[in-house]
Amino acid sequence: MTPQAPPTIVPGHPQTPALQAARLVLSRDLRLAFRRPGELVQPLIFFAIVATLFPLAITPEKSQLVVVAPGVVWVAALLASLLALEFLYRDDAHDGSLEQFALSGQSLTGLLLAKSIGHWLLTGAPLAVMGPLTAWAFGAPASALPGVFVSVLIGSIALSLLGSIGAALTLGVRRSGVLLSVLNLPFTVPVLIFGARATQQAIQGIDFIPAVQLLGAMAILGITLAPLAAAAAVRISLE
Amino acid sequence: MAWTWFHKLGSPPYVYKLAATLTPWFAWIAAILIAYGLIGGLVISPADYQQGEGYRILYVHAPTAWMSTQVYVVMAVASAVALIWRIKVAHAVAAACGSMGATFTACALATGSLWGGPMWGTYWEWDPRIIFELVLLVQFLGYLGLRAAVDDTQRADRICAVLAVVGVVNVPIIHYSVEWWNSLHQTASVMKLDSKPTMPLSMLLPLLSMFFGYMFLFGALLFTRLRAELLSRERSASWIRDVVHA
Numbered sequence: 001m002t003p004q005a006p007p008t009i010v011p012g013h014p015q016t017p018a019l020q021a022a023r024l025v026l027s028r029d030l031r032l033a034f035r036r037p038g039e040l041v042q043p044l045i046f047f048a049i050v051a052t053l054f055p056l057a058i059t060p061e062k063s064q065l066v067v068v069a070p071g072v073v074w075v076a077a078l079l080a081s082l083l084a085l086e087f088l089y090r091d092d093a094h095d096g097s098l099e100q101f102a103l104s105g106q107s108l109t110g111l112l113l114a115k116s117i118g119h120w121l122l123t124g125a126p127l128a129v130m131g132p133l134t135a136w137a138f139g140a141p142a143s144a145l146p147g148v149f150v151s152v153l154i155g156s157i158a159l160s161l162l163g164s165i166g167a168a169l170t171l172g173v174r175r176s177g178v179l180l181s182v183l184n185l186p187f188t189v190p191v192l193i194f195g196a197r198a199t200q201q202a203i204q205g206i207d208f209i210p211a212v213q214l215l216g217a218m219a220i221l222g223i224t225l226a227p228l229a230a231a232a233a234v235r236i237s238l239e
Numbered sequence: 001m002a003w004t005w006f007h008k009l010g011s012p013p014y015v016y017k018l019a020a021t022l023t024p025w026f027a028w029i030a031a032i033l034i035a036y037g038l039i040g041g042l043v044i045s046p047a048d049y050q051q052g053e054g055y056r057i058l059y060v061h062a063p064t065a066w067m068s069t070q071v072y073v074v075m076a077v078a079s080a081v082a083l084i085w086r087i088k089v090a091h092a093v094a095a096a097c098g099s100m101g102a103t104f105t106a107c108a109l110a111t112g113s114l115w116g117g118p119m120w121g122t123y124w125e126w127d128p129r130i131i132f133e134l135v136l137l138v139q140f141l142g143y144l145g146l147r148a149a150v151d152d153t154q155r156a157d158r159i160c161a162v163l164a165v166v167g168v169v170n171v172p173i174i175h176y177s178v179e180w181w182n183s184l185h186q187t188a189s190v191m192k193l194d195s196k197p198t199m200p201l202s203m204l205l206p207l208l209s210m211f212f213g214y215m216f217l218f219g220a221l222l223f224t225r226l227r228a229e230l231l232s233r234e235r236s237a238s239w240i241r242d243v244v245h246a
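Spelled out as structure tokens, the structure:
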């Protein structure tokens, strides 16, 4: 990998504190991603393309677009996050880093959680900026935009974490794109439902906090359980 | 020892013979229960005062819908047992469940659609229980797809076992999220299964008989498929020769 790869995450240094190891993995992922800014903006461009298609396909009338805006925001966010998930473990599996993580003596669960957090920072969090922008372009009032931002921000955590399970399961599969989306659909359905609900309520000016709280529950479930399942799947795939 | 019977279940030849012995019992019980359920449901019980004769598809639809989640739970429990105690017979059970679960779920969707046609006036309604079955079908198809995509049987077993265990956690989440989604949408829903206790005994008994009949049918099919799985997985083991030539 890179010459300045974290020296402590090697089989000989299992005594590195778990938090520090996770932080090193996170900073390594961020550094690698920022070296290829072209790949970094791909999910955003994809999001923008999907969102642009709807006014062209349905109608330019903002009064009608504002009705479908929550759905468009969430379907676009879901597709963009799915597109990025394929690359979550792929490069690390190819160059052997993932194997080193598994052998390092560190908790693989912790390291994968760090990778998922990195993935969310790079692909999920930017979508939270695109969400309100799209909603505004679709005719949502400015007062609704903070609500849209919060719902996409929290919902994308759940999408990234829950999606990591599918990405880990399909690690050893060639041409995994369609399979990954089939495996991920059941996990994304609840996020989509509550996310679109929160966004819709924000646009209508109703109290959207309960739906966001449910999204938060999904995100916490993802943070606590998804890395465990992903680590189990990665270990099996590496055998 | 008291636990011998449990340890024996980890042995493929023992399970193969046990499955062969149990299959006809399960098949006959299933045949009797389903025959009673069909005669009782289609001939003896009265027509529904609201839905007329059309409601009778209930006797096929409700058991398949019920079995679809049951089979997923059986598959997930077998997968968990296989992952925790590393029992290969349990992996074979889970593998045998996959396509059967998908079939039950597809049948539940198809019969539900046929029921919805005359009753709701539409063959497809975005109703929470329909969406739930649809997502469950996708879960089964993902399971089968993943199994087909991994070449090595042992690795496919273990990776699919992880998927099944993770998926079973997700099943109640999907169930309640689509329920809430609907309660916010409030679409017209004509039928509620909550009204089941008000069903007269002449309808309830055949329905229960169908439920248990389907369970035994699933058992008989599972044992048959399990034997096929074991034969194919253990094809290089010496006990196969004794079984085939016996």
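Here the protein sequences line up with chains A and B, keeping their order.
Counting from 1, position 54 in the first sequence corresponds to residue 54 in the working numbering; the numbering is continuous, with no gaps.
Counting from 1, position 214 in the second sequence corresponds to residue 214 in the working numbering; the numbering is continuous, with no gaps.
Note that beta-carbon positions come from the ideal geometry of N, C-alpha and C, so glycine has one too.
Proximal residues of chain B, C-beta to C-beta of A233 (chain A) below 7 Å
Chain B residues near A233 (chain A): I159 and V162.
Tell me the DSSP secondary structure of D242 (chain B) in three-state form.
Note: D242 (chain B) maps to helix in three-state DSSP.
Enumerated in chain order, which unbroken segments of the beta strand (DSSP E) with a length of 3 residues or greater are wholly contained in the stretch 122–164 of chain A?
Scanning the stretch 122–164 of chain A from its first residue to its last, no whole beta strand (DSSP E) run of 3-plus residues comes out.
Can the beta-carbon of F187 (chain A) be found less than 7 Å from the beta-carbon of L162 (chain A)?
Yes; because the gap between Cβ atoms is below 7 Å, this pair is in contact.
Taking a contact to mean a Cβ-Cβ separation below 7 Å, would you say G101 (chain B) touches M210 (chain B) in this structure?
M210 (chain B) is positioned such that its CB atom lies no closer than 7 Å to that of G101 (chain B).
Residues in the same chain with beta-carbon distance under 6 Å from D92 (chain A), minus the five sequence neighbours each way, listed in chain order, please.
Excluding positions up to five away in sequence, the list reads L98.
Candidates A:G166, A:V182, A:M130 and A:I223, of which the one nearest L44 (chain A) by Cα
Ranking A:G166, A:V182, A:M130 and A:I223 by CA distance to the CA of L44 (chain A) puts A:M130 first.
Return helix, strand or coil for G52 (chain B), following the three-state DSSP convention.
In the structure shown, G52 (chain B) sits in a strand (DSSP, three-state: E or B).
Beta-carbon within less than 6 Å of Y72 (chain B)'s beta-carbon, same chain only, minus the 5 sequence neighbours each way: which residues are those?
Result list for Y72 (chain B): G101, in chain order.
If I follow the unbroken alpha helix (DSSP H) through L183 (chain A), where does it start and stop?
G177 to Q204 is the extent of the alpha helix (DSSP H) around L183 (chain A).
CA-CA distance, V77 (chain B) and D157 (chain B)?
If I take the Cα positions, the gap works out to 14 Å.
Alpha carbon of I203 (chain A) to alpha carbon of V166 (chain B), nearest angstrom
So the two alpha carbons sit approximately 34 Å from each other.
Mind checking L56 (chain A): buried by the 16 CB within 10 Å criterion, or exposed?
Its Cβ having fewer than 16 others within 10 Å, L56 (chain A) is exposed.
Note the first and the last residue of the continuous alpha helix (DSSP H) segment covering I209 (chain A).
Here the alpha helix (DSSP H) through I209 (chain A) covers I209 to L238.
Counting contacts by CB-CB distance shorter than 7 Å, is F241 (chain A) in contact with chain B?
Because chain A spans 1 through 239 in this model, residue 241 (chain A) falls outside it and cannot be assessed.
Could you check whether the stretch 142–154 of chain A touches the stretch 22–36 of chain B, counting it as contact only if at least three pairs of C-beta atoms, one from each stretch, sit closer than 8 Å?
Short answer: they don't touch.
Does W120 (chain A) pass the burial test, meaning 16 or more other C-beta atoms within 10 Å, or should it be called exposed?
Buried: at least 16 other Cβ atoms inside 10 Å.
Which runs of the beta strand (DSSP E) fall wholly inside the stretch 18–77 of chain A and span at least 3 residues, in chain order?
You should have found no qualifying run.
Would you check if there are 3 or more beta carbon pairs closer than 8 Å linking the stretch 104–115 of chain B to the stretch 78–94 of chain B?
Output reads no: the stretch 78–94 of chain B does not touch the stretch 104–115 of chain B.
Taking C-beta pairs closer than 9 Å, name the residues in chain B that F194 (chain A) reaches, listed in chain order.
Chain B residues near F194 (chain A): S177, W180 and W181.
Quick one: give me the first and last residue of the alpha helix (DSSP H) that D152 (chain B) is part of.
D152 (chain B) -> no alpha helix (DSSP H), and no H or E assigned at all.
Proximity to S107 (chain A) [Cα-Cα], best of A:V25, A:L221, A:A219 and A:R174
Checked all of A:V25, A:L221, A:A219 and A:R174; the closest Cα to S107 (chain A) is A:V25.
Could you confirm whether any beta carbon from chain B is found closer than 7 Å to the beta carbon of A229 (chain A)?
Answer yes: the Cβ-Cβ gap between A229 (chain A) and chain B drops below 7 Å somewhere.
Going along chain A in order, which residues have a C-beta closer than 8 Å to the C-beta of G142 (chain B)?
G142 (chain B) reaches chain A at L179, V182, L183, L185 and P186, counting residues in chain order whose Cβ is nearer than 8 Å.
Is P210 (chain A) close to chain B, meaning its C-beta is less than 7 Å from at least one C-beta of that chain?
No, because no Cβ of chain B sits closer than 7 Å to the Cβ of P210 (chain A).
Just how far apart, CA to CA, sit Y89 (chain A) and A231 (chain A)?
Spanning the two alpha carbons is a distance of roughly 11 Å.
Could you say if the stretch 39–49 of chain B and the stretch 212–225 of chain B meet the contact criterion of at least three C-beta pairs nearer than 8 Å?
They do not touch, by the three-pair rule.
Would you mind reading off the limits of the alpha helix (DSSP H) that contains R86 (chain B)?
Unbroken run through R86 (chain B): none, as it is neither H nor E.
Are three or more beta carbon pairs between the stretch 178–196 of chain A and the stretch 211–219 of chain A nearer than 8 Å?
At 8 Å Cβ cutoff, the stretches touch.
Can you tell me where the alpha helix (DSSP H) with R90 (chain A) in it begins and where it stops?
Start and end: R90 to H94.
Is the CB of V166 (chain B) under 7 Å away from at least one CB in chain D?
Here chain D cannot be found, since the structure's protein chains are A and B.
How long is the line joining the alpha carbons of N184 (chain A) and V178 (chain A), rounded to whole angstroms?
Approximately 10 Å between the Cα atoms of the pair.
Start-to-end residues for the alpha helix (DSSP H) that takes in S202 (chain B):
Residues L201 to R233.
Is the Cβ-Cβ distance between A69 (chain A) and F138 (chain A) less than 7 Å?
Contact flag set, yes.
Given a limit of 9 Å on CB to CB distance, which residues of the stretch 69–93 of chain B reach chain A?
Of all residues in the stretch 69–93 of chain B, L83 have a Cβ within less than 9 Å of some Cβ in chain A.
Against chain B, with Cβ distances strictly below 7 Å, would P190 (chain A) count as a contact?
Answer yes: the Cβ-Cβ gap between P190 (chain A) and chain B drops below 7 Å somewhere.
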